[in-house]
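Residue numbers (my numbering): 34 to 150.
Following this line, the structure appears as structure tokens:
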């Protein structure tokens, strides 16, 4: 499987996000982040990011978090096949360091996978 993050691996429009928000098959709560997941019936997983200004004030911080999430998703996408995943940021997420946040994401991916196995 290609490790890229092309358009077919992203949730792009409001309908796709709404489907996950309205009826998530699973959720994983982290300290400052929430993951919602739903089966999509496709071979590839898709990722949507919700990191608003209200949660993370500085654009530099929002971009850093998005980059870390996309990287963690790319590295785990073979295990996450067939899922639509939305990552929601909460206040306080920007204060986490890169290593701490990456470890938290890894544990959340694993928690989601356990719920779908």
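Where is the CB? At the ideal position from N, CA and C, for every residue including glycine.
Mark residue i as exposed unless 16 or more other C-beta atoms lie within 10 angstroms of its C-beta, in which case mark it buried.
i: residue 89; result: buried
i: residue 95; result: buried
i: residue 55; result: exposed
i: residue 143; result: exposed
i: residue 41; result: exposed
i: residue 129; result: buried
i: residue 138; result: buried
i: residue 113; result: buried
i: residue 105; result: buried
i: residue 121; result: buried
Give the single residue among the options whose Cα lies nearest to the Cα of residue i.
i: residue 97; options: 134, 118 and 110; result: 134
i: residue 117; options: 38, 102, 87 and 44; result: 44
i: residue 67; options: 81, 131, 92 and 48; result: 81
i: residue 87; options: 125, 145 and 47; result: 125
i: residue 146; options: 92, 60 and 120; result: 60
i: residue 84; options: 99, 46 and 77; result: 99
Just curious, the alpha helix (DSSP H) that residue i is in, first and last residue?
i: residue 71; result: No alpha helix (DSSP H) holds residue 71; the beta strand (DSSP E) holding it covers 66-72.
i: residue 41; result: Element bounds for residue 41: n/a, residue is neither H nor E.
i: residue 132; result: 131-149
Since I believe residue j is in contact with residue i (beta carbons under 8 Å), could you give me their beta-carbon distance rounded to a whole number of angstroms?
i: residue 37; j: residue 73; result: Not quite, the Cβ-Cβ distance comes to about 18 Å (not below 8 Å), so this is no contact.
i: residue 123; j: residue 65; result: 5 Å
Can you name, in chain order, every residue of its own chain whose Cβ lies under 7 Å from the Cβ of residue i, other than the five neighbours on each side?
i: residue 75; result: 115
Leaving out the 5 sequence neighbours to the left and right, which residues in its chain are closer than 6 Å to residue i when beta-carbon positions are compared?
i: residue 69; result: 53, 57, 60 and 119
Can you find the residues in the same chain that come closer than 8 Å, C-beta to C-beta, to residue i, ignoring five residues on each side of it along the sequence?
i: residue 101; result: 131, 134, 135 and 138
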